[in-house]
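43 is the number that this note's numbering gives to position 43 of the sequence shown; each next residue is one higher, with no gaps. Here the structure comes first, spelled out in structure tokens, and everything after it is commentary.
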Amino acid sequence: MTRDEQLRQLERLVEVKPGTLHGTEELADLPDWDSLTQVNFVLIVERATGVRPSVTKLAKCSTVQDLLDVFDGAQPVSR
Numbered sequence: 001m002t003r004d005e006q007l008r009q010l011e012r013l014v015e016v017k018p019g020t021l022h023g024t025e026e027l028a029d030l031p032d033w034d035s036l037t038q039v040n041f042v043l044i045v046e047r048a049t050g051v052r053p054s055v056t057k058l059a060k061c062s063t064v065q066d067l068l069d070v071f072d073g074a075q076p077v078s079r
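Next comes the structure, spelled out in structure tokens:
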């Protein structure tokens, strides 16, 4: 899953127009951003990429880019 695909999924989850998010946005400023949305986003990306991000790193995310970055170098999900 590319960065752009991740952004489009996040836009869908927070119900903003496609092409709205670029990475610099604060997560707290996104409409409908909450813990359930975060979990849904993580599950979508995890299923598409096969990697599970660090919970510790997720907790430190404050921007959209921070959220996307936690998947870089994340560990593959063991099945």
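Cβ coordinates follow ideal geometry from the N, Cα and C atoms, glycine included.
Segment contact flag, the region 16-33 with the region 45-52, C-beta cutoff 8 Å, min 3 pairs:
No, because fewer than three Cβ pairs between the region 16-33 and the region 45-52 fall closer than 8 Å, the two stretches do not touch.
Straight-line gap, T20 to W33 (C-alpha atoms, nearest Å)
Rounded to the nearest whole angstrom, the CA to CA distance from T20 to W33 is 15 Å.
Per DSSP, which one or two residues make a beta bridge with E25?
Beta-bridge annotation (DSSP): E25 is not paired with any residue.
Whole-angstrom C-beta distance between R3 and L68, which should lie under 8 Å:
Going by Cβ atoms, the distance from L68 to R3 rounds to 6 Å, so yes, they are a contact pair.
Cα separation between P53 and P18?
Their backbone Cα atoms lie some 25 Å apart in a straight line.
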